[in-house]
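Taking mature numbering (1 follows the signal peptide of the UniProt record, and there is no 0), I'd label the letters of the sequence shown as residues -20 to -1, 1 to 256. Every residue, glycine too, gets a C-beta built ideally from N, C-alpha and C. These numbers come from a predicted model, not from an experiment.
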Amino acid sequence: MTFKLRTLVFMFIIAMATMAPVCVLSGGDSSTYSSSTELSSGALVEVIGENAEVKIRRSASSSLELIITRHNEEFVDFYTQSLAGDPSRHFIISATTSTGGSTTANSVIELSVPVGTQLAVRTTNRPITIDSVALTSATLTTNDGEISVTNSSGDFELSTTNSEVTVQDVDGYVNLATTNAHVWFEGIVDDGSNSISTTNGDVSLRLQNGSNVDISGNTHNGDVTINGGGEGVTKDGDKATLEHLVQNGNATLNITTGPGAIHINPASIAVFDGDS
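What follows is the structure, given as structure tokens:
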């Protein structure tokens, strides 16, 4: 598995089609809707949510499988839209909260996506979870919601606030940024320019066998360890910088936090300052 971190640029398909709701909800407490949509190879799947948790896994076919559960559904405005051909080359899923439901209404969107899908997810106040998918690229954005990407491939751009980010066993480019939260990052890093950024949180990085990377980093008001010790760490008052070379440094990885700790190859996962 390889981490290659870069900035992604998504070219969204501009369509003149009128957005026609699949259903606009009214009344009731909670309900579940499901659908199956055939996608073209490399199709873009766009998810737009408010107070919506998003869970994504791999589809065994070329179809997108959708299950959405809506709580306090009279305040959830939901639709899907297929654009640009049949099979669809651009599929949109939207679940937003209407006036009166911003604090009580929420959704859980579960997707199974085909191999090679492009993915763009924007949600709020809920987590995004991706497991065992093979994507071309993905942009995942939330606030006040955790992001977890595991056992997957593709180019990933991850952004949240006030919430932890976990990346494990991912093959592809990844940009990772959060605030006021910890980051857990595990895998092989052997190519590209890579970066991890947080504020007021700790970064724990575990490099797997096969990594080939030149790591640099900086923090303030936080402990810094490399392989459990201080070799490669330079301290200046409450500030600390680090340099750590694995093999010949084919890749680069920059880690930025503060206040917060940076731990490279810790002995255990539970290394975040103040955590047990």
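Candidates Pro94, Asn31, Ser191 and Asn174: which alpha carbon is nearest Thr77's?
-> Residue Asn31 is the option with its Cα nearest to Thr77.
Close Cβ partners of Ser133 (< 6 angstroms) along its chain, the five nearest in sequence each way excluded = Taken in chain order, the residues that qualify are Ala114, Asp151 and Gly152.
Using a Cβ-Cβ cut-off of 9 angstroms, state whether Thr12 counts as contacting chain C.
-> The chain labelled as chain C is not found in the depicted structure, where only one protein chain is given.
Rounded to a whole number of angstroms, what is the C-alpha to C-alpha distance between Trp164 and Ser15?
-> One C-alpha to the other measures close to 34 angstroms.
C-alpha gap between Ala241 and Ser173, whole angstroms | Between Ala241 and Ser173, the alpha-carbon positions lie close to 22 angstroms from each other.
Nearest candidate by alpha-carbon position, reference Gly190, set Asn228, Asp203 and Val213 | Nearest of Asn228, Asp203 and Val213 to Gly190, Cα basis: Asn228.
Identify which residue in Ser39, Thr140 and Leu185 has its Cα closest to the Cα of Pro246.
-> Residue Leu185 is the option with its Cα nearest to Pro246.
Could you give the DSSP three-state label for Glu53: helix, strand or coil?
-> Look at Glu53 here: in three-state DSSP terms it is helix.
By Cβ distance, which residues of its chain are closer than 8 angstroms to Ser10, with the 5 residues on each side in sequence left out?
-> Within the same chain, Thr49, Arg50, His51, Asn52 and Glu53 come within 8 angstroms of Ser10 by CB-CB distance, once the 5 residues on both sides are set aside.
Thr17 - partner residues in DSSP beta bridges = Note: Thr17 sits in a beta bridge opposite Leu44.
Per DSSP, which residues does His243 bridge with? Please list them.
-> The partner list for His243 (beta bridge, DSSP) reads Ser184 and Thr205.
For Gly202, which residues of its own chain have a beta-carbon under 8 angstroms away from its beta-carbon, when the five flanking residues on both sides are left out?
-> For Gly202, where only same-chain residues beyond five positions count, the Cβ hits under 8 angstroms are Asp182, Ala220, Thr237, Gly238, Pro239, Gly240, Ala241, Ile242 and Asp253.
What is the rounded straight-line gap between the Cα of Leu91 and the Cα of Val56?
-> Taking the straight line from one Cα to the other gives about 18 angstroms.
Are there 16 or more other CB atoms within 10 angstroms of the CB of Asp218, so buried, or fewer, so exposed?
-> Asp218 comes out exposed.
Three-state class that DSSP yields for Val113 in the structure shown = Here Val113 sits in coil by DSSP.
Backbone CA spacing between Leu38 and Gly96 [nearest angstrom] | Here the sequence assigns Arg to residue 38, which means Leu is not the residue at that position. Spanning the two alpha carbons is a distance of roughly 10 angstroms.
As assigned by DSSP and simplified to three states, the class of Ile168 | In the three-state scheme derived from DSSP, where H, G and I count as helix and E and B as strand, Ile168 is classed as coil.
Hey, how far is the Cα of Asp171 from the Cα of Leu63?
-> Rounded to the nearest angstrom, the two C-alpha atoms are 36 angstroms apart.
Cβ distance (whole Å) where Ile36 is taken to contact Thr83 below 8 angstroms = Not a contact, Cβ separation roughly 26 angstroms.
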